[in-house]
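Here is the structure we will look at.
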Amino acid sequence: MLLHIVARGKIGRSPEAELVTRYLKRVTWPTRITELPDTGGKMPDLAPGTRLVMLDELGENLPSRVLAERLGAWRDEGVREARFLIGAADGFDDAEREKADLLLSFGRATWPHMLARAMLAEQLWRAASILANHPYHREG
Numbered sequence: 051m052l053l054h055i056v057a058r059g060k061i062g063r064s065p066e067a068e069l070v071t072r073y074l075k076r077v078t079w080p081t082r083i084t085e086l087p088d089t090g091g092k093m094p095d096l097a098p099g100t101r102l103v104m105l106d107e108l109g110e111n112l113p114s115r116v117l118a119e120r121l122g123a124w125r126d127e128g129v130r131e132a133r134f135l136i137g138a139a140d141g142f143d144d145a146e147r148e149k150a151d152l153l154l155s156f157g158r159a160t161w162p163h164m165l166a167r168a169m170l171a172e173q174l175w176r177a178a179s180i181l182a183n184h185p186y187h188r189e190g
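In this text, residue positions in the sequence shown follow our numbering: the first is 51, and each later residue adds one.
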């Protein structure tokens, strides 16, 4: 299953970009990043077999193991792509949120999009590691 991050804004050459690259290189599943302009620009169309995850302040704050289980279930159901959307500064509206298969939150704090992207990359690596029974992950 492809793990596809679609984000508004350019991350450029930054410490956050290095973190994203570092974590996504570790993921054993195929990964892809699509960057869109901060405003305007159409989100890429969803192909059949795609699950849509929006990073959103109103979303669920899932433990890493639960996110891993969700991704593993989608993979086992034959889902071809899990697409993770990171919106612009104003986030997503209600109509957009209704299209999501999962609204995911990294807590109540507001995070800059570059850090959200790095945190998502880490969680995708962690999820793949959990599903591979890698001993690194610790429940606390």
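Just so it is clear, CB atoms sit at the ideal spot from N, CA and C, and this is done for glycine as well.
These numbers were taken from a predicted model, which means no experiment stands behind them.
Inter-residue spacing [alpha-carbon to alpha-carbon] between residue i and residue j
i	j	result
threonine 71	leucine 174	12 Å
proline 65	methionine 104	24 Å
threonine 100	proline 87	22 Å
leucine 74	proline 98	24 Å
leucine 181	isoleucine 83	22 Å
methionine 51	glutamate 107	26 Å
alanine 168	aspartate 140	19 Å
glycine 157	glutamate 148	20 Å
Endpoints, alpha helix (DSSP H) assigned at residue i
i	result
phenylalanine 71	Looking at the sequence itself, residue 71 is threonine, so the reference to phenylalanine does not match. Unbroken alpha helix (DSSP H) run through threonine 71: 65 to 76.
For residue i, the nearest candidate out of the options (CA to CA)
i	options	result
leucine 117	Glu85, Trp161, Arg176 and Met93	Arg176
leucine 152	Trp161, Phe142, Gly62 and Ala159	Phe142
arginine 63	Arg76, Gly137, Met164 and Asn183	Met164
alanine 150	Leu102, His54, Glu127 and Leu69	Leu102
alanine 138	Glu131, Glu85 and Ser114	Glu85
threonine 78	Ala67, Ser179 and Asn183	Ser179
Residue interval of the beta strand (DSSP E) (run including residue i)
i	result
glycine 109	100 to 110
alanine 138	Premise fails: alanine 138 is in no beta strand (DSSP E) and is neither H nor E.
alanine 177	Careful: alanine 177 lies outside any beta strand (DSSP E), inside the alpha helix (DSSP H) at 163 to 181.
Nearest-angstrom Cβ-Cβ length linking residue i and residue j, presumed shorter than 8 Å
i	j	result
serine 155	glutamate 119	The Cβ separation is near 17 Å, so there is no contact.
valine 56	proline 94	6 Å
Neighbour flag for residue i against chain C, beta carbons, 9 Å
i	result
tryptophan 79	Included in the structure is just one protein chain, with no chain C present.
Heavy atom of the ligand GDP within 8 Å of residue i beta-carbon
i	result
methionine 51	Of ligands this structure carries none, so the ligand GDP is not represented either.
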